[in-house]
Amino acid sequence: MAEPTRRKSEDIPVLDIENLAVAYKVRGGEVEAVQNITLDIKKGESHGIVGESGCGKSTCAWAIINFLGANGYVKRGSIKFQGKNLVGKKGEELRRLRGDQIAMVYQDPMQSLNPSMLLGDQLKEVLTVHQGMSNSQAEKDCIRMLEKVQMPDAANVMRRFPHQISGGQQQRVVIAMALLNNPALLLMDEPTTALDVTVEAAVLDLIADLRKEFNTAIMYITHDLGVVARVSTKVGVMYAGEMVERATVEELFKSPQHPYTQGLMRCVPKLGTDRSSSILYPIPGRVPPPDGRPAGCVFWPRCDYVRKRCREERPKLRSIAGTETWVRCHFSEDIDMGSWEPPEDLVVPGTVPKKEVDETILEVKGLKKYYRVRGNSLKDVFGMGEKQYVKAVEHASFKVPRGKTLGIVGESGCGKSTLVKTIIGLEHATDGEARFLGFDITNSISARDRKLIQELQMVFQNPDSTMNPSYTVGQQIARPLKRFNVMPKEKITDEVLRLLRSMRLGEKYYDRLPRQLSGGEKQRVGIARALASHPDLILCDEPVSALDVSVQAAIINLLLEIQEEFGTTLIFISHDLSVTRFFSEYVCVMYLGQIMELGPAEEIYAPPYHPYTEALLSAVPIPDPTAKQKRVRLQGVVPSAIAPPSGCRLNTRCPRREMLPDPDICLTDPPWREVHPGHHIYCHIPLDELRKIDPVVSIKEVNHAG
Amino acid sequence: MIRFLVRSVVSTIVTILLVSIGLFLLIEVGSGDISVKILGVFATPEQRASYRAQLGLDAPVWQRYLDWLIGNDWWAKSRMTYPLITLKNTKTKETEWWADVGGQATRWKMEKGELKRLLRQEDGFSKAVPAVSDWIKGENSEYFFWGVDNRNNAVKFVKGAGEEVWVLTKAGLRKQGDGPRKYIPLRKGLIRGDAGMSWQYNRPVSVVLKPRIRNTLILAGVAFVVVMPLALFFGILAGINEGKPLDRIVSITSLGATATPEFVTGIFLIMIFGIWLKVLPAVTLFTSSDAIFKNPTMLILPVLTLTAVELGYVARMTRASMVEVMDSAYIRTAIVKGMPYWRVVFRHAIRNALMAPITIIMLHVNWLIGGVVVVEVIFGYPGLGKFIFDSAIFGDFSAIEAAAMVTVLIAIITRLIGDLAYTLLNPRVRYA
Amino acid sequence: MNAEASASNKQKREKREKPSLWKTISIVFDSRVATVGVVMVSFWLVIAGVSLFWTPYDPNSSDFIQNLSPNATNWLGTDHMGRDLLSRLMQGTQVILLKTRLPGGDHSIPGGVAIWGVLGSLILGAILGLNAGYRRGWTDQIIMQVLDALIAFPQIVLYLVVIAALGQGDLVVILAITITGAPGVARLARSLALDIQTRDYIRAAETRAESVWFIMFREILPNARGPLLVDAMLRVGYAIFMIGTLGFLGIGLPPPDPDWGSMVNEARKYIFVNQLAVIWPALSIATLVIGLNLFADGLREELMRYQK
Amino acid sequence: MEIIKKKERKDPHPYIPELKDQFLKGKVTRREFLRNSTLLGLSAAAAYAFVSPFSATKAMAAAMPQRGGTWTCGMPLQLIDHPARLSWSEGANVVRQVAEYLSDTGPDNVTRPALCEKWLASEDLKTWDLHLRKGVKFNNGQIMTADDVIFTMNEWLNKDVGSSMLGLLSYWGGPQNIEKVDDYHIRLHLEAGNIGVPEHLWHYPGAILPRTFEGDFIKQPIGTGAFTLEEFAEGERCVLKARKDYWRKGADGKPLPYLDKIVYVALDKDAAMAAMQSGQIDSVYHPRPSDYLALKDNPKVNITSVASSYSYLVRMRVDLPPWNDNRVRTALKMCQDRGKTLQLAGYGLGALAIDAHMSPAHPAYCEKPIPKYDPKGARKLLEEYAKEKGLKLPLKVKLATKNDEAEPEIAQALKQTALAGGFDIKLDITEPGGYWDRWTEVDLGITAWTHRSIAVMVLPLAYTKEAIGAWNETRWYDDEFTALLNKAQKTLDVEKRRVLMCDMEDIMQERGPLAISYWVKIFDISSKKMHGIKVHPTSFHSFTYDMWKES
């Protein structure tokens, strides 16, 4: 969806940053969080800043509005806003700029709205304070702006508190607030990261529309290459506090110059690629901390092309002749991305398809999970109200063959986590059947046989909470070995070390505490812990979604490797359709507790789609500005799971409902339409109709790495 | 919100019940045989048994609890020939139990084996007349009568079988004849405002307690009104100046004040202002029951003492909350929106910063009452705290039970108010 | 997910370093406030330790002229019975910090009344709080209801009730500190458990079908240790404060061993003659409490730095 | 009647001429003459005129008293019910403002008539004629007659009332020996002669009550006193208001009292001291040595003092082990370092004592050497005892007392000095209320005993068989001692009585139940504005009817 860059060379840049360095005072000295940043943004331009966590993206934004906290300051360089230097600006002058000329949108809308103030008041004060506008006039303007950001029922929202509207709506309010004074510069710091993919897509659409309408200069910070490809005209890539490459979005994705940028591109699975057709290559090593950056080029310890000069001399950001690309590399002209070879010590899983086995290891039929909730009425307080349930999972049925991977995708609240919890026994099923290795597993874990428990293990999402901070890596991996008596006590240490090695973690990790590990390392330990009891089935609950892309690739590779080696069956939950596609043989799409579509991965990602699958695919940000994506959007918000819509639960938001002659039919349970054996769509719309729909995504070029 | 409130109220009632049970058990069971405490270790078992019977302590614990909580007149009534009434002694404000015999307030006693009616006269005293006709024939041809004696007990006299009872007098136990066979010490129960007799004062606890509660409510109330705005002010002031000299001064002063016990502060305030400078009354002198209204300056030093300790604590809480709020994302939003500093503080920060401390402040009323005990002892203030203290020292169980229940009630009610205030401040709860 | 937003002003370089015990301690010393706290607390600990073996004079024997001002012999002066105040002040630390006298005998166990009381409330509170926070549901409701009831008692009233019921004595004071402290600890432990039990490693333990007690005490408790420790330190301060108050009211730790509160109580009669006899113990209570507060503040900051 | 009238003309009692003779010869001190002659019925004025004939007419040079004003005094207030049951002076101080006594013993140890106009004793001191004052009205308007007095006396002697008068007046032989001669004349036929009758009538439970009294003074605060009870709240305050029709007249010829109001405020001593110093109250009841030290240089305060027989008795229950063994008792007595105790507990303000409940402040006191501190001797005795009983030294005992005046200091001093003697004393110091609840019950305790003007008045109260169950807290009685006591009570001759006293003191020292270190000096601390305060060894406030306040 990227716009072609509209150049208005006569304009001076709205924002012009030169050689910026921001430092924080810490105990015993100071740390330069950001160094040598140079960029300019012109009117109507959207400048993306992309990079992994901790590389100083946000610091740049904070430096612009001089909000660096008590211990941060601009150490070098200049920040010019409409030609005037901002550095060192203080007090009243700065305050007048903030919110008026320069506005900002942040990552977490819930956190950034005042929980105890009416949204209307929070909006209005931007106008009344900066423009001295009357309250009633401000009210009108605010409502108009809310309508512009496509806020339903705008007048009403003014009289609500933040917790009373949904996350996507909150973000719209924040954006509206930022736009109220028609700022010259809009700083957006991961504005969609906390949102679901379909909501994200809608917000990104909105940003693009607004940019066109208001001609605002936007600085867009994100870690997501897909997002940056969609919203930016120009992109700056940051690594370890430095800007390593800056180019137009097309150039950047077409021919990335810096080895780091190239590495990033190789890490991300493209939508539509799978493990049989492509390999993800992680960047070895990790991002250095601000006070531990190497001399010379900051990237050299992880660079495949490192030479002597790289270690000694810090490269300058220089322009590549004949392009608009700037790169911070001594040798970028010498590097040809196409001829890149993976380093020899990098182990990547084979891409050979495995032999087919027909044994079904897990079979779920009509599984239901309801949670009892307390109502809010007076009756409920005394337990006399009607019993209410959250219908978290409704009639889930699927089979998982041994040694295969089932991917479950869906947005937050779709019941995928509950489904997994029910299978593993953290919850007992309300109704339905579930058999694992032929044993009934609808009961909860305490009622299961220890042998059965041992065969079902789980890998968790959040690397920071997957490990108990109080115990060493060794202790935590050893625990399941002891618990399940996998082996004699004296052999446990050896086994733990063996597992560590197979996780590509050295033996030196045995005595480390979790806080000494990076996110990826923690995730590896989590996998080792799950593997320790030699389970037949591992449930992976978004194991890579909290990781940076370079690490993500490594973990995905590790899981694939394990599967290959042990023939372990995997259930893989993810909200990321690209990763799921890459990883899984079978995919199951869930919405509001219902399975909408189920089938082999490649068929899910191609027509005929379930309307929901279609919407999801159209929302996925693709790290390729040339990719064409249809714009199919869901309307409204996700209904409450306590009183879900009857029939097809998507019926309130379905973009294809008009395709039916009688849309009311959607209020009844749809049939399971079988596309092929093993591929089912849960929809009233006949398959033939669905088949007529074009593919959502069309990618012109084959990816370099692919 | 209604749900929240109803839950609070229900939980409050349950809490009060739990407290009353715990308190009763702790005092009446935990303290062992009360008669040992009163009669001393050298009393004979016979004396003890007789005395326990007079106090109704021979009944099972659950029944004593119920008697204590909801009274026993309602079941004692059923045994009586004549209806029970209560009359107020105008002189002592005590409630007296009598039986209503055709409009004549009457009690009974046995004298040399003969049953006598004690008829209440106009002046509050009584006249004895024979009452042989009152005897009722029982099952085993025994004549008995359930009446009221002059110690507010429902008693069962048995004809010709006056019991030997041990009566406690100031000079020790004395044996008396003509005693009743059974005692039910009549009481209305705590929830109807009858907390039993105080052994220390030999008067109904409720009569002694009432003015004390009033006095303490005044003291604690004034202290609260003084402390809270100041504490919030200083807390907020320190919170928005985190790390600056002003913050350091406020923080260190409040820590110092909090860590200095009330009794030290109080003593030295008395020395300085009451004795050396002679600008304020050194102690609270209740030369009449309404002395504090006549001379409110007496309250200054006690309130100041309470303030010194409480102020620091609440200020520290508020400061912490303010610091947290000022560090939050929505304050950042407000600043980045270009809001003037004071607008950020007043419109955006304070309300959120008060949410956390408000419940704690209300819980802190507990502390205030704790401080009140010490302050009242130091300043000779005849309030609830000193009453509890005296009762605890004396071992006056009815008094300490009632007084402790009152403090708990105050604490719980303020907590309820705190919950309410929180609800009003926090829209997330209000519109939940 | 992406923690970068919070990195704006808190870049933490310690995060990836290996924190040894010494490092933890040395960081406490980095904070000036905490250092002052540590110094104040250690001062009293040292005094307490020394007093076990040596005090300038017999603290309980009236060997001097009464109500002396500080002089070369009696550095802090003497009290109304001609006893050396310094010696009494030093010995006053013992009952609080170092020993608990068992009823009826001359035996005492190591660990002062304040320490045992806080330990008691820590154990009781942790058991209740962990059960409430981890099990949730009805268990939680019942436990919280009971705790609410306990919390409703103003502390000193609860002390008075306990003392009225059970009489005076070291163990009674310990019991009182335990009962009054437990609800607070339990609330803290509960909130920590509620937070910690959402962590994935608890799910991991559950998928191993670990027992509830294993999860509560081996998985949750070690991670709640820090805040509980800080809280306990503050509680020791409150306990000392409370023992002082009880001593002042004449119902605290029984004689003959002096404790600071009863020293104030005795000296109060002579306040117009000899102010120092009140000031010294009062100052001692205040400094120890302030020290503990500062130390706890420093420690809390430190722990928060690692928890993030 | 006849005889009495005859005697009246000369001297009220046949012994008086001899007494006069002895005084003139210097055998009897001035103090003893005054006391004895007044007890025998000589009027105080006549007695004073006899001892100092030229000063009798000396007019009061002081300013004319002013009327009005409130006297505020800090004093503990505990439960009061039946005045005859009073067991503490504070309560008596409240009662005595409302109700009065038949006689009045002043600080000069001279007993003057009060509700009794005069009394006459027979030669053998067995028959006493009490002539009541006429026209005295109770504050309910009723006239006081012999019926009221006899009713009150019957209350004293009624076992059910439980009055300490019962033990004191055991020589009366019971109520049947009280004869109503007419409405204003009562004759007592005593079983044994006793010179102390007028003084005994002043014993503080002896307030005269109306015959309608039902047992609770707070409900029926009726008496003949100068004040009426407005409000009484235990532990808080007591407000007394001047009566308009009081029988005594002031210097201005109008009915007393001068004051409008008396307010007793129940402050604890520390708070009272603060209030005193800040001028919030006018007087402190029964100040402690520490209070004396604090205020002795205060210019706004008058401090007056008087020697007394007030003391803190370390008393042992002789019916309980180990105190039932005299060796143990003696050992504890030997363990007293009296000088040190007096210094520590009383700041040297007092007189050292022997271990007998007889004080130098008592007439007929027999001077004895003050025993020395002898821990070795004590240890020897204890070792003997311990060996016999198979016990080990140190002997563990528990000493109970109240945390009130000087008791904690005495207890701590004794603990220190007794350690060398072989006692390991555990202290059980509680609040006053806690101790008074069990003061008769504990085996070893320190009890404060208030001043009594003569030894024969206090001894029957606490050291006779009859007093067991009342005030005999030690359960100690001794036949020889009782015999001597009975004799002494009938002995008029001071010298003869002193001889008896010598023996009694020896008995008490040798086998008695008490260890006494010192006799307290009684202070009064009052604002200089207050006039007419006469510090009394008993701390009784019996001067209020003619005290006045400078405005």
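So the protein lines, in turn, are chains A, B, C and D.
Each residue of the first sequence is one higher than the one before, starting from 37 at the first, in this note's numbering.
Each residue of the second sequence is one higher than the one before, starting from 408 at the first, in this note's numbering.
Each residue of the third sequence is one higher than the one before, starting from 3 at the first, in this note's numbering.
Each residue of the fourth sequence is one higher than the one before, starting from 3 at the first, in this note's numbering.
Backbone N, C-alpha and C define an ideal beta-carbon position, used for all residues, glycine too.
Starting from D467/A, follow its DSSP beta bridges and name the residues at the other end.
-> In the DSSP assignment, D467/A is bridged to K404/A.
Give the straight-line distance between the Cα atoms of E469/A and K405/A, rounded to the nearest whole angstrom.
-> Rounded to the nearest angstrom, the two C-alpha atoms are 11 Å apart.
In chain D, what lies closer than 7 Å to I682/B by C-beta?
-> Per Cβ cutoff of 7 Å: A276, Q279, S280.
Assigned secondary structure, H538/D (DSSP; H/G/I helix, E/B strand, else coil) | H538/D: coil per DSSP, three-state reduction.
Can you find a CB in chain C that lies within less than 7 Å of the CB of L662/B?
-> Taking a beta-carbon distance threshold of 7 Å, L662/B counts as an interface residue toward chain C.
How big is the Cα-Cα spacing for K518/A and S213/C?
-> So the alpha carbons of these two residues sit roughly 14 Å apart.
In this structure, what does DSSP give as the bridge partners for N304/D?
-> Paired residues: S528/D.
Note down the Cα distance separating A63/D from D548/D, rounded to an integer number of angstroms.
-> Residue confidence for A63/D is low, a pLDDT of 48 falling below 50, so the modelled location carries little weight and cannot support an answer.
Okay, do the segment 720-730 of chain B and the segment 636-648 of chain B touch, 3+ Cβ pairs below 8 Å being the bar?
-> With a cut-off of 8 Å, the segment 636-648 of chain B and the segment 720-730 of chain B count as touching, because enough Cβ pairs lie within range.
Quick one: what does DSSP say T529/A is sitting in, helix, strand or coil?
-> Of the three classes helix, strand and coil, the one that applies to T529/A here is helix, per DSSP.
N560/B (DSSP reduced to helix, strand or coil) = Three-state result, N560/B: strand.
How is the beta strand (DSSP E) around I138/A delimited, first residue to last?
-> Element bounds for I138/A: 138-141.
Rounded C-alpha distance that separates I513/A from K525/A | Each residue's alpha carbon lies about 13 Å from the other.
Simplified DSSP state of Q493/A, which is helix, strand or coil = DSSP places Q493/A in the strand class (E or B) of the three-state scheme.
For the beta strand (DSSP E) holding H431/A, just list the boundary residues, first then last.
-> Where H431/A is concerned, the enclosing beta strand (DSSP E) stretches over 424-437.
According to DSSP, residues forming a beta bridge with S533/B | Paired residues: R527/B.
Does the distance from the C-beta atom of L130/C to that of A167/C stay below 7 Å?
-> A distance of 7 Å or more separates the beta carbons of L130/C and A167/C.
At which residues does the alpha helix (DSSP H) containing K498/D begin and terminate?
-> Where K498/D is concerned, the enclosing alpha helix (DSSP H) stretches over 496-513.
Using a Cβ-Cβ cut-off of 7 Å, state whether R103/C counts as contacting chain D.
-> Contact with chain D is absent for R103/C, since none of that chain's Cβ atoms lies less than 7 Å from the residue's Cβ.
CB-CB length for G423/D against R381/D, believed under 8 Å | Correct: roughly 5 Å between the Cβ atoms.
Starting from F425/D and walking both ways along the beta strand (DSSP E), at which residues does that stretch end?
-> F425/D -> beta strand (DSSP E) spans 425-432.
Using 7 Å as the limit for Cβ to Cβ distance, is M1/C near chain D?
-> What the structure shows of chain C is the stretch from 3 to 310, and residue 1/C is not part of that stretch, so it cannot be assessed.
From V264/A to H199/A, what distance separates their C-alpha atoms?
-> C-alpha separation (whole angstroms): 29 Å.
Should P378/A and Y425/A be called a contact, given that it needs their Cβ atoms to be closer than 7 Å?
-> The criterion of a C-beta distance shorter than 7 Å is not satisfied by P378/A and Y425/A.
If you draw a straight line from the alpha carbon of R227/C to that of D197/C, how long is it in whole angstroms?
-> Whole-angstrom Cα-Cα distance: 13 Å.
Can you find at least 3 beta carbon pairs, one from the segment 507-514 of chain B and one from the segment 546-559 of chain B, that sit closer than 8 Å?
-> The segment 507-514 of chain B is in contact with the segment 546-559 of chain B.
Please name the residues in the segment 448-468 of chain A whose beta-carbon is closer than 9 Å to at least one beta-carbon of chain C, in chain order.
-> With the criterion set as a beta carbon lying under 9 Å from some beta carbon of chain C, the members of the segment 448-468 of chain A are K457, I460, G461, L462, in sequence order.
Could you give the distance in angstroms between the alpha-carbon of P587/B and the alpha-carbon of V572/B?
-> If you take the alpha carbons of P587/B and V572/B, they lie about 8 Å apart.
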